[in-house]
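Numbering (the working numbering), first residue to last: 122 to 221. Just so it is clear, CB atoms sit at the ideal spot from N, CA and C, and this is done for glycine as well.
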């Protein structure tokens, strides 16, 4: 794995890595990819895919209908609301993928 690829991935992940960290990650990432190559060589014929290695059963409680809270009462705690909606400051802005 080359340094440029690591820098590109770090930029996408918004990580500000030092050159020493990048060189350390290079070896780690190469080991991870080599291990993934070993795993892809395994014969998995007849092995059923699974989401969890253990036999677990859904441990959720039963759904039961309960009363909800009154919106008008809850919105009394809000600094600003209008017609049942909470008003908040805008947080939209231009996304930048540059490393600073």
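DSSP places residue 125 in the uninterrupted alpha helix (DSSP H) bounded by 124-133. Check the Cα spacing between residue 147 and each of 131, 182, 208, 203: the tightest is with 131. In this structure, residue 189 and residue 196 do not form a Cβ contact; the two beta carbons are roughly 14 Å apart against a cut-off of 8 Å.
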